[in-house]
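Q: Using mature numbering (1 follows the signal peptide of the UniProt record, and there is no 0), the letters of the sequence shown correspond one by one to residues -20 to -1, 1 to 96.
Structure incoming, see below.
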Amino acid sequence: RETPGELLGLLLLWLPGARCDLQMTQSPSSPFASLGDAITWQASQSISKYLAWYQQKPGKAPKLLIFHASRLLHTVVPSRFSGSGSGTHYTLTISELEADDVVAYYCQHLKKSLLT
């Protein structure tokens, strides 16, 4: 089953205040993906691990998925989501794409720790 091109309209948009010099890439880069596929986004910039990933469903506010590059909000985020990275390379991965995952994703460079 193919998911239409708006999936890769999962193209990472920017939240207000985000650093716009982050370079974003997505894998696979094709405009189609099948449910069950793994999807990965990469951010490239030296940002001291203060990177957050958000998911936004239509008509809803963005929801924080992962902060500090790899800290998953386990109470509300399914384990198929994961984040990693340090230095200049950061990734968000969905291990097995589900229909509910076909929404917008955002990254944000945080200026300081969310834990302070």
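For every residue, glycine included, the Cβ atom is placed at its ideal position computed from N, Cα and C.
Comparing C-alpha positions only, which one of Gln88, Glu76, Gly39 and His69 sits nearest to Phe61?
A: The residue with the shortest Cα to Cα distance from Phe61 is Glu76.
Q: For Leu90, collect the residues of the same chain with a Cβ closer than 6 Å to its Cβ; drop the 5 residues on either side in sequence, then sort them by chain order.
A: Tyr30 and Ala32, listed in sequence order.
Q: Compare the beta carbon distance of Thr71 and Gln22 with 7 Å and say whether it is the shorter of the two.
A: Yes. Within cutoff.
Q: Can you tell me which of Asp81, Leu44 and Gly16 puts its alpha carbon nearest to the alpha carbon of Val56?
A: Taking only the C-alpha atoms, the option nearest Val56 is Leu44.
Q: In terms of DSSP beta bridges, what is Leu44 paired with?
A: Bridge partners of Leu44: Tyr34.
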